[in-house]
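Numbering (UniProt numbering), first residue to last: 1 to 231. Below you'll find the structure, written out as C-alpha cells, and then a few comments.
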C-alpha cells in the first residue's frame with residue numbers, strides 16, 4: 001500500500017488490515033504466511049513494510065518452511081534478517097517443539113494419534129539424514145521419554161534390537177512407539193521398514209514390551225504402520 005509514491009508504514013494501515021490486529025481479532029489461522037512472518041519481523045526495510053519484506057523473503061527462499069529451516073549463513077544473508085533474527089527464530093521453533101513435548105508429557109495417556117504425529121514430525125522431519133527414535137511409554141501409555149537412538153541409513157543392519165530392549169528395560173517401559181524419518185520426503189514404508197518393525201516387535205515381546213506403532217515421517221505427512229497392519 002503506497003501513499004505519495006512512498007511505501008506506507010504498517011502502522012498507518014487501517015487497523016483491520018494490520019497483521020497483528022488481524023491475528024488478535026481473527027486468530028493466527030486466518031493469516032497468510034506473509035502476515036505471520038511480518039509479525040515475527042516486526043519492521044520492514046527502507047521502502048518496504050514488514051509485509052512487503054515478508055513476501056520478498058518467502059519468494060526468495062521458496063516458501064515458509066525453507067525459510068524456517070535455512071541454515072544460519074543462508075538466513076542471515078537475506079535482506080532484513082541477521083543473527084538476532086536467526087536467534088529469535090530458533091528460540092520460537094524450539095518453544096514450539098517443547099510445547100508439543102509438554103502436551104505429550106502431561107501425564108495423560110497417548111490417545112491422540114494426531115498430536116503424537118505432529119510431535120514426531122516436528123522432531124524428525126527436517127533432519128537431513130535418517131534418524132530412528134522411540135517414544136517410551138508406561139503401562140497406561142503415558143510418555144516416559146523420547147530418545148533418538150540411531151542415525152544414518154536406517155536398515156536391518158543399523159537398528160539394533162538389543163539397544164532398544166536395553167533402553168526399554170532401563171526406562172521401565174511397558175510399550176513404545178517407533179519412528180523414523182525419510183529425508184526423501186516420501187513417507188511410504190519400505191520392505192526394510194516392515195522387516196525392522198517385525199524384528200523389534202518380536203525382540204521386545206520377549207521382555208513384555210509392546211510395540212504400538214511405527215510412524216514414518218515424510219515431508220508433510222506421516223504414515224502409521226499399525227494402520228497398514230504391519231505391526
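Here a beta-carbon is modelled for each residue, glycine too, at the ideal position from N, C-alpha and C. Since the structure is predicted, the reported quantities are computational estimates derived from the model, not experimental observations.
Query raised in the report: So, are the CB atoms of residue 183 and residue 223 less than 8 angstroms apart?
Result: no
Query raised in the report: Roughly how many angstroms separate the alpha carbons of residue 176 and residue 164, rounded to a whole number?
Result: 10 angstroms
Query raised in the report: Ordered along the chain, which non-local residues of its own chain (more than five positions away) have a Cβ less than 7 angstroms from that of residue 51?
Result: 10, 19, 34, 35 and 38
Requested in this report: With a threshold of 16 other CB atoms inside 10 Å of the CB of residue 25, please say whether the residue is buried or exposed.
Outcome: exposed
**Report entry** Whole-angstrom distance between residue 32 and residue 58, CA atom to CA atom
**Finding:** 11 angstroms
Query raised in the report: Can you list, in chain order, the stretches of the alpha helix (DSSP H) that have 4 or more residues and sit fully within the segment 141-222?
Result: 161-170 and 191-205
Query raised in the report: Between the C-alpha atoms of residue 212 and residue 102, what's the straight-line distance to the nearest angstrom?
Result: 21 angstroms
Report task. Can you tell me which of the three DSSP states residue 92 falls into? Result -> helix
Query - residue 77 versus residue 83 - alpha carbon distance - result: 9 angstroms
Query raised in the report: If we call anything under 8 angstroms between Cβ atoms a contact, is residue 169 one with residue 136?
Result: no
**Report entry** Residues sharing a beta bridge with residue 135, DSSP
**Finding:** 146 and 177
Requested in this report: Just grab the DSSP bridge partners of residue 48 for me.
Outcome: 45
Requested in this report: Let me know the secondary structure DSSP gives residue 74 once reduced to three states.
Outcome: helix
**Report entry** Bounding residues of the alpha helix (DSSP H) (the contiguous stretch that carries residue 66)
**Finding:** 64-68
Query raised in the report: Since residue 218 and residue 185 are thought to touch, with beta carbons under 8 angstroms apart, how far apart are those beta carbons, to the nearest angstrom?
Result: 5 angstroms
Requested in this report: For residue 139, collect the residues of the same chain with a Cβ closer than 6 angstroms to its Cβ; drop the 5 residues on either side in sequence, then sort them by chain order.
Outcome: 174
**Report entry** For residue 201, the nearest candidate out of 216, 166, 161 and 86 (CA to CA)
**Finding:** 161
Query raised in the report: Can you list, in chain order, the stretches of the beta strand (DSSP E) that have 3 or more residues and sit fully within the segment 19-45?
Result: none
Query raised in the report: According to DSSP, which residues form a beta bridge with residue 224?
Result: 215
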